[in-house]
Structures are given as structure tokens and as C-alpha cells.
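Numbering (the UniProt record's numbering), first residue to last: 1 to 601. Backbone N, C-alpha and C fix where the C-beta goes; we use that ideal spot for every residue, glycine too. Worksheet for the structure shown next.
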């Protein structure tokens, strides 16, 4: 049985020492987060995920969800009972607004729980995860009546939520959707169409499911400018707030997937279902993007989460499994063989994983803080700065975070050798579950184009210039500390590679847009490397200042410094190679015609 322990010590370091959450006590929602409260959320949340959710991870993988003859869906054994415990403990309410029954705490603590939940049981975490995205969209664009009708029950997780975009004939190109919304004459609409890949689309764990659906009204432009957003509950909500008549939406089938079997990914058929418009007509895509951006950050956390879970299991195996001898001589002469942990290639994979997971945790939680500051910082300038940075970082967190998360999960399977390929060890599930994170909520190619095609140029490049300034200031400060001077210089070189790549785009992408498309993936990875380098430099500076006076925590800070050095030595050099790939442009990539790719008989 695979193991999982929530990494609470590292989380406390990031929250309390790196982000200094307690220093924001003058901002709304932060004032209630004392060190004791933070400690309780981290420790108790970690305990709940490890003890209640993690044991169900393999159960969900093996049993999956079952569609019944009446179109209802039964979730895997134990899921409903675990969701009841999750709801009763209020774990889904942490960062939700108090106005509608949430606890109003910072998103930082909400993201902590998202990581732990997804590491313990990614498929389970998608039920409250999608609900959080739907909540975000309704808060931003819903009418007051819609907020009062749906949000309290969704925040409490008595009801869950979904997002309905994709249709059988179209994925990313949403202008092609065919789902229709015809006015009923009473302010509601009749929604008709088919949506696919709908995570948590039908299940038995909540009293109602609130679907947010993209559709086109009669006469709407046949493009993304003609899309509206509708709220379509599984059960029409009565005047007293209770679920009433069953709506015209049903589960046609459950998708047969590579992983995340414990989540009911449905084909949903809308047959004149009653829905109500959210926000303005033909402005639905903007409203849905609020939900999608929240979901993209959550998917980035999933990349971290599967890497973390796989890493923990690989470390345990490497310490236990004996094979061969250390190259420098027997590590344990009295034993027949040494643990495989002594072999440099195994250590390479484990160190890659440790450097990624700890750096990515810092990045995700910094991203959560930026989300908070976007809404709650004291000045307009601070709010705009946070908004610029999190807009820029969202495709990096999602795209780079899930690319590397999948790579780490695969390498952790490799640590097991042949046993990693055998289902009973559980490593296959981490790999399969991690794979979806590179695909949904906008494939990572879409994330790269969002970063390079939209975010770099927005407001005259203000976001990337703000990022360069943040990194540059941190490098300058770290150069003044002897323990981090060399690391700062290494990061400075990698930052120079990103700046050179940015300039190359400016000079070449306008004349040939394919140059941008051909280099976008490489640029996203360069930025991911630099951003994690920023996190590691900041963490190393803290560790260097505390290591000599840390007492019982001395080893923790020593490990931070050693891992930071490894990251700088082993990750940062890749930025230069990726820049050279980017500067190769699109010519050789686009040179062959389609016939050259078809295999001749």
C-alpha cells in the first residue's frame, strides 16, 4: 500500500518564514490567522488527508465510478463517507467569503489544503476543487440573487459545482460550441446540447450539483463573442432553498480514462434544461475564464501533489531495497548489499524530485498570496502589481508545474525498477493521475501560448518587467550574503537567458508568428526554471541566516541550503539550452509538408 505523510514542516517554513503570513495582519482575512490557527490548519488538515483520504486513493483507482441504469453515478466505496467528514469538518470553507458561510481566511491556507488533498487522493479532491472554481465565477459575475441562492450551500459543500465547456467536436476553440440557450420568457433559458469531459459531473456525494454551462443564445455571433454563461442546477432550487424538481440534465456515460478513476468524468446531456444567465449576454467566456484561472492554479498544485506523493514512496523504497554496492565502497559491509539509495543515479532522481517539490510548493503558495493581495492589498498600486504577477505566473504554475510534476512521478516510478511497473506498488497510479494535469484546463501548449502570446505583451510588457524587477532585487540582496552569493550569480545568468529569449521574441515573432509558437513551450520552461530559482534563492537566504542558531532545526536549514545548491547546479543550466532551442525559430519545424509525416506502405 502506498504511503503519504503531509509535508507539514516544509509547509510551515514556506508559510511562516518565506511568505511571513503573520506580517499581513493588517489586511482583511489575515487578521484572524494567528500562528496557532495556521498551525492547526496545516497539522490537522495534513492529518485528515493522510488518515482519511489517502487510504481511499487506490480504492478509487481500482473501483472507479459506476453509472447506474437511471443515469445516476455511484462513487467508489468510502468516497461518500469521506466527503461527509470533509464537509462536516469545514475543510472546503477555509478561504471562502464569510458573507456566504466561509471562514474568510487567506487563499494561502486554502492552497495548503488543496496540495494535501490532491497528494492524498487527486480524484477525490476534484469534487471540492471544481466547486471552488464555480464559486469564484458566481462571486465575480453572479447576481445577488444567484449568490444568495447557490453560494452558501456550495461553500458548505452540501452542493458541488462543475464547469461545462468542451463539446464532442470542439475543445479549446470554444467559438465552435453548439449548445443552445433559448429564452423561456420568464427570465430563464432552455439549455440543449452535449458536453463532454465534465469532471464531477454526476455523483452521489452531494444533494445538488450546480453546473456552469457555456451556450449560445439565438442570433448570437458564431464565435467566442457569442458565448454566454448559465447556471443550471441538477435539481431546480425551491423558494425555501431546498432541491426540488429534477432538471433536464443527465449523465449519458462516464469517460473511460487513463487515471483519476475515482472522479466521475461525464458526458452530460442537456435536454431543454432550465438555466439562468450569469453576467451579461455574449460575455460568458470572460466569466468562465475566472473559473478556469482558479482551476489552472489548482491543476498546477496537482502537478506538485503527484510528484510529492510519488517522491515519498520512492524515498521509502530506495532506503529499503538492497542491490549492489556503493561505488565508493560498501556502505553497509555487514549486509549482503547496500540500499539502492547509495547509487548516484538513484540519488539524482530523488534530488531532482526534492528540488522540484519544495521549490514548487513555495511557488504555489506565493501564487496564493498574490491572489490574496490582488483583492486585499492596501493600495491600488500593490493590488495591480499582484494582479500582474499572478496573471503572468498562472500559465507557468499550471504548465511548467505539471510538466515537471509528471516527469518527477515517472522518475519516482523508475526508482522502483521493475516493481514500479507492477500495480500493487501503486506507482503506476501516481504516473497516470499526474498525466491528466498536463492536458485539462487548457493543455500545456495552450498555457505556453497564453504566456507568450498574451501575457508577455499585456500592458506593454508590464508584467514580465515587474517579474524581472522582483528577481533582480532578490539577486542583488542575495549577493550581499556570502552563503548565497554564488547561487545569486547562477540565477542571474539564468535570468539573463530569459531576458535574451524575451528580446528574441520581440525582434522575430512579429514578422513570423510561428517563431512564437515554436518557442513558447521552451520559454515557459525557461520561466519556470527561473521562477523556482527565485524561490530557492529566497529560501536559501533564510536558511543561511538561521542555520547556526536553529538548535534542533539545524538539519532542516542545512538541507535547505544543500538542496538550493543542487537546484542552482542542476536545473538552472537548462535555461541556456532552452533559449538556444527557442532561437532556432520555426523554419525547420514547419519545413515539411503533411505528406512527409505519413508512413508509406
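DSSP bridge partner residues for residue i (one or two, in chain order)
i           : result
residue 180 : 192, 216
residue 504 : Partner(s): none; residue 504 has no beta bridge.
residue 602 : A query on residue 602 cannot be resolved here, the shown segment of the chain reaching from 1 to 601 and no further.
residue 170 : 167
residue 208 : 159
residue 603 : Residue numbering for the chain in the displayed model covers 1 to 601; residue 603 lies beyond these limits and cannot be assessed.
residue 228 : 215
residue 422 : Paired residues: none, contrary to the question.
residue 436 : None; residue 436 has no bridge partner.
residue 198 : 266
Sequence-distant residues of its chain with Cβ nearer than 6 angstroms to residue i (five each side left out)
i           : result
residue 611 : Any property of residue 611 remains undetermined from this structure, which presents the chain solely from 1 to 601.
residue 109 : 41, 94
residue 530 : 494, 495, 498
residue 490 : 568, 572
residue 86  : none
residue 478 : 484, 488, 537, 541
residue 8   : 42, 43, 46
residue 272 : 190, 192, 248
Closest by C-alpha distance to residue i, when choosing among the options
i           : options            : result
residue 525 : 449, 454, 463, 559 : 449
residue 436 : 299, 44, 295       : 299
residue 410 : 567, 310, 399      : 310
residue 101 : 154, 583, 119, 598 : 154
residue 200 : 64, 149, 475, 314  : 64
residue 554 : 543, 563, 564      : 543
residue 386 : 398, 402, 367      : 367
residue 141 : 260, 276, 376      : 276
residue 270 : 180, 439, 217      : 180
residue 103 : 126, 29, 503       : 29
residue 486 : 516, 458, 564      : 564
residue 369 : 49, 132, 62, 383   : 383
residue 209 : 219, 197, 243, 223 : 243
residue 60  : 107, 359, 314, 430 : 430
residue 416 : 105, 482, 312, 83  : 312
residue 4   : 549, 16, 116, 505  : 116
residue 392 : 315, 345, 459      : 459
residue 317 : 149, 198, 395, 418 : 418
residue 575 : 591, 522, 412, 454 : 522
residue 539 : 288, 561, 54, 506  : 561
residue 36  : 114, 12, 482, 362  : 12
residue 474 : 532, 6, 261        : 532
Separation of residue j from residue i, as counted between CA atoms
i           : j           : result
residue 433 : residue 258 : 8 angstroms
residue 229 : residue 283 : 7 angstroms
residue 24  : residue 14  : 15 angstroms
residue 390 : residue 381 : 14 angstroms
residue 422 : residue 58  : 14 angstroms
residue 467 : residue 335 : 52 angstroms
residue 508 : residue 581 : 14 angstroms
residue 401 : residue 111 : 15 angstroms
residue 135 : residue 192 : 23 angstroms
residue 188 : residue 164 : 18 angstroms
residue 21  : residue 38  : 9 angstroms
residue 302 : residue 398 : 9 angstroms
residue 534 : residue 472 : 9 angstroms
residue 138 : residue 292 : 13 angstroms
residue 375 : residue 579 : 35 angstroms
residue 207 : residue 279 : 25 angstroms
residue 127 : residue 588 : 44 angstroms
residue 512 : residue 294 : 32 angstroms
residue 255 : residue 92  : 26 angstroms
residue 464 : residue 288 : 25 angstroms
residue 527 : residue 514 : 20 angstroms
residue 354 : residue 195 : 39 angstroms
residue 546 : residue 502 : 36 angstroms
Cβ-based neighbour list, residue i, same chain, cut-off 8 angstroms, excluding 5 preceding and 5 following
i           : result
residue 320 : 339
residue 343 : 324, 326, 327
residue 184 : 190, 274
residue 440 : 197, 199, 299
Contact set for residue i: own chain, Cβ-Cβ below 7 angstroms, skip 5 residues either direction
i           : result
residue 170 : 176, 177
residue 330 : 338
residue 217 : 181, 228, 281
residue 237 : 149, 243, 244
* In the segment 111–166, which residue ranges form an unbroken beta strand (DSSP E) of at least 3 residues, counting only runs that do not cross its ends? -> 159–164
* Asked: In the segment 230–318, which residue ranges form an unbroken beta strand (DSSP E) of at least 3 residues, counting only runs that do not cross its ends?
  -> 235–237, 243–246, 249–254, 266–278
* Asked: Residue ranges of each alpha helix (DSSP H) run of no fewer than 4 residues wholly in the UniProt domain "Acetyl-CoA dehydrogenase-like C-terminal" (471–592), ordered along the chain?
  -> 485–508, 513–546, 554–570, 574–583
* Completely contained beta strand (DSSP E) runs for the segment 358–400, where each covers 3 or more residues -> none
* Can you list, in chain order, the stretches of the alpha helix (DSSP H) that have 4 or more residues and sit fully within the segment 5–63? -> 8–12, 35–48, 57–63
* To do: Let me know the alpha helix (DSSP H) ranges lying completely inside the segment 312–357, each 4 residues or longer, listed in chain order.
  => none
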